[in-house]
Amino acid sequence: MIWEGFLLTLKISSISIVFALLLGTMITVMRLSRIKPLEWFGVAYIEFIRNTPLLVQLFFWHFGSYYLLPDWLNTWKNSLSSPEFIDGVIALSAYTSGFIAEDLRSGIFAIPKTQLEASRACGLSFMQAMGYVILPQAFRIVVPPLISQCLNLIKNSSLCLVISVAELTYMAKQVQVRGAHGFEVFTVSTLIYLCISLLVSLGINTYNKYFLRTIKY
Amino acid sequence: MHWEVVTKNFEYFLVGAWPNGPIGGIAMSILLALGGIFGAFWIGMVFGLMRLSRNWATRTLALVYIEIIRGVPLIMVIFWFYFLGPILIGREIPETWSALTALIIFTSAYIAEIVRAGVDALPKGQMEAARSTGLSSVQAMCFVILPQALRNMIPSFVNQFVSLTKDTSLAFIIGVNELTRTAEQVNNRTMNAPLEIFFTIAVMYFVICFVLTSISRRLERQVSRYQARRS
Numbered sequence: 001m002i003w004e005g006f007l008l009t010l011k012i013s014s015i016s017i018v019f020a021l022l023l024g025t026m027i028t029v030m031r032l033s034r035i036k037p038l039e040w041f042g043v044a045y046i047e048f049i050r051n052t053p054l055l056v057q058l059f060f061w062h063f064g065s066y067y068l069l070p071d072w073l074n075t076w077k078n079s080l081s082s083p084e085f086i087d088g089v090i091a092l093s094a095y096t097s098g099f100i101a102e103d104l105r106s107g108i109f110a111i112p113k114t115q116l117e118a119s120r121a122c123g124l125s126f127m128q129a130m131g132y133v134i135l136p137q138a139f140r141i142v143v144p145p146l147i148s149q150c151l152n153l154i155k156n157s158s159l160c161l162v163i164s165v166a167e168l169t170y171m172a173k174q175v176q177v178r179g180a181h182g183f184e185v186f187t188v189s190t191l192i193y194l195c196i197s198l199l200v201s202l203g204i205n206t207y208n209k210y211f212l213r214t215i216k217y
Numbered sequence: 001m002h003w004e005v006v007t008k009n010f011e012y013f014l015v016g017a018w019p020n021g022p023i024g025g026i027a028m029s030i031l032l033a034l035g036g037i038f039g040a041f042w043i044g045m046v047f048g049l050m051r052l053s054r055n056w057a058t059r060t061l062a063l064v065y066i067e068i069i070r071g072v073p074l075i076m077v078i079f080w081f082y083f084l085g086p087i088l089i090g091r092e093i094p095e096t097w098s099a100l101t102a103l104i105i106f107t108s109a110y111i112a113e114i115v116r117a118g119v120d121a122l123p124k125g126q127m128e129a130a131r132s133t134g135l136s137s138v139q140a141m142c143f144v145i146l147p148q149a150l151r152n153m154i155p156s157f158v159n160q161f162v163s164l165t166k167d168t169s170l171a172f173i174i175g176v177n178e179l180t181r182t183a184e185q186v187n188n189r190t191m192n193a194p195l196e197i198f199f200t201i202a203v204m205y206f207v208i209c210f211v212l213t214s215i216s217r218r219l220e221r222q223v224s225r226y227q228a229r230r231s
């Protein structure tokens with residue numbers, strides 16, 4: 001049971017990470033674009049997502065997604081064996097994308113302004129300059145914070161137990177509620193989370209040691 | 001849309017059943033957050049300074065504490081205190097207290113990291129100068145380093161308080177009657193306005209956290225003006 005929960009934790013986290021990265025990049029570009037309504041939307045989105053608890057967002061999507069999502073998505077979702085999995089993915093990726101957008105923005109600000117000016121002077125459009133010059137450099141700088149956001153996402157996925165996604169914490173609680181081996185189960189799942197996070201921070205340290213020092217401005 | 005569900009229950013969201021019953025709603029969330037940051041400040045300060053100690057054992061102890069707490073989701077910490085606290089102590093603990101303890105322990109690890117970073121960011125010469133005027137290392141810490149470092153840490157503390165305020169929503173899972181739980185109760189009772197209810201709750205959290213975030217941004221600008229810098 002714990003093993004299945006662990007696999008589901010990995011599954012929901014990895015799917016959400018992909019969506020969060022895509023959404024976060026989109027929001028960052030909106031936030032930095034010169035078109036005012038887009039910029040306001042980006043700011044409002046980031047502030048709202050960052051200043052409300054994930055738990056409330058989970059409930060919002062769990063109970064409210066039916067009214068907000070398009071019909072074809074709802075039909076598809078309800079044909080699945082666990083529709084709440086989709087709600088979890090939506091909430092997790094929306095939440096994390098707010099944080100990723102902030103990290104990306106600070107990464108982009110770390111790139112000297114002359115880079116954008118130079119690429120614009122070469123005749124690239126704003127989108128081209130972003131896509132081919134600025135973002136590739138910014139991504140390299142923000143890899144450590146992005147990885148730690150992924151780690152946060154894995155830890156946050158434990159909250160999906162409130163909408164009954166059967167991930168690691170949910171399984172641990174199920175075992176505990178049945179009255180058998182609560183202590184052992186909590187120890188094991190705590191250790192699993194601990195191992196994941198230690199591995200990730202080891203990865204970040206290695207990256208910092210070997211790759212980041214080669215970047216100079 | 002059924003906004004009347006929200007307007008009818010708004011007082012319940014604010015204070016719960018108080019004054020005719022136990023306090024709840026956003027008042028409970030704020031109490032939890034305030035109690036949490038107060039406790040976490042002192043524990044975090046102790047572990048943060050232990051982390052900087054020159055004694056190997058003390059440093060490792062603090063490091064292990066910080067890494068374990070930071071590597072585990074808050075909900076796990078809450079479950080540990082909720083399910084295993086009574087077994088260890090041998091009697092029942094009200095869930096508000098186990099939630100508060102879990103929040104304090106969880107936040108203290110993050111505060112410890114803030115304290116460590118804050119002290120580390122001060123120029124080394126400050127400690128050396130203080131020691132060379134004849135202060136002991138404890139005196140130098142208390143009278144020279146910490147007063148400067150704490151001022152620089154204030155914005156980070158406010159940010160941590162914002163996360164803590166958001167984290168109090170997790171106390172819902174073990175049945176503490178705070179804002180998220182009152183929303184859940186009202187939603188279970190009415191069943192026809194989930195979107196409106198949870199949107200209102202999100203806005204209530206947003207107002208508190210956004211005000212605090214703005215304050216912390218302003219403080220950050222002020223603090224960076226008076227900082228002792230590395231040469």
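These protein sequence lines are chains A and B, in that order.
Quick note: the first sequence uses the working numbering, first residue 1, plus one each step.
Quick note: the second sequence uses the working numbering, first residue 1, plus one each step.
C-beta atoms are modelled at their ideal positions from N, C-alpha and C, and glycine is treated no differently.
Which of the three DSSP states is assigned to residue 204 of chain A in this structure?
helix
Bounding residues of the alpha helix (DSSP H) (the contiguous stretch that carries residue 73 of chain B)
Here residue 73 of chain B belongs to no alpha helix (DSSP H), and DSSP marks it neither H nor E.
Unbroken stretches of the alpha helix (DSSP H), 4 residues or longer, contained in the stretch 157-225 of chain B:
179-190, 194-225
List the endpoints of the continuous alpha helix (DSSP H) containing residue 96 of chain B.
95-121
Would you kindly check if the distance between the Cβ of residue 169 of chain A and the Cβ of residue 75 of chain B is under 7 Å?
yes
Would a check of beta-carbon distances place residue 85 of chain A closer than 7 Å to chain B?
For residue 85 of chain A, the answer is no, since every Cβ of chain B falls outside 7 Å of its Cβ.
What does residue 183 of chain A touch in chain B if you count any residue whose Cβ is under 7 Å from its own?
In chain order, 84 make up the part of chain B whose C-beta sits under 7 Å from the C-beta of residue 183 of chain A.
What is the DSSP secondary structure of residue 111 of chain A, counted as helix, strand or coil?
coil
Touch test, the stretch 138-155 of chain A against the stretch 16-28 of chain A, Cβ-Cβ under 8 Å, three pairs minimum:
yes
Contact set for residue 2 of chain B: own chain, Cβ-Cβ below 8 Å, skip 5 residues either direction:
190, 192, 193, 196
By DSSP, does residue 35 of chain A sit in helix, in strand, or in coil?
Here DSSP, grouped into helix, strand and coil, assigns residue 35 of chain A to coil.
Using a Cβ cut-off of 9 Å, which residues of the stretch 163-183 of chain B contact any Cβ in chain A, in chain order?
165, 166, 167, 168, 169, 170, 172, 173, 179, 180, 183
Span separating the alpha-carbon of residue 171 of chain B from that of residue 53 of chain B:
34 Å
Residue 141 of chain A versus residue 50 of chain A: straight-line alpha-carbon distance, rounded:
Our two residues, residue 141 of chain A and residue 50 of chain A, have alpha carbons roughly 22 Å apart in a direct line.
Chain B contact residues for residue 155 of chain A, given Cβ-Cβ distances below 7 Å
73
CA-to-CA distance, residue 84 of chain B to residue 177 of chain A, given in whole angstroms
13 Å
Less than 7 Å separating the beta-carbons of residue 77 of chain B and residue 99 of chain B?
no
Return the Cβ separation of residue 13 of chain B and residue 48 of chain A in integer angstroms, given the expectation that the two are a contact with Cβ distance under 8 Å.
Going by Cβ atoms, the distance from residue 13 of chain B to residue 48 of chain A rounds to 18 Å, so no, they are not a contact pair.
Give me the Cα-Cα distance between residue 60 of chain B and residue 169 of chain B, rounded to the nearest whole angstrom.
32 Å
Just mark residue 209 of chain B as buried or exposed, buried being the case when its beta carbon has 16 or more other beta carbons within 10 Å.
buried
Give me the subset of the stretch 78-108 of chain B whose CB atoms are less than 7 Å from a CB atom of chain A, sorted by chain position.
79, 80, 83, 84
9 Å Cβ cut-off: residues of chain A touching residue 187 of chain B
59, 63
Interfacial residues, the stretch 199-229 of chain B to chain A, with Cβ spacing under 7 Å
199, 201, 202, 205, 206, 209, 210, 213
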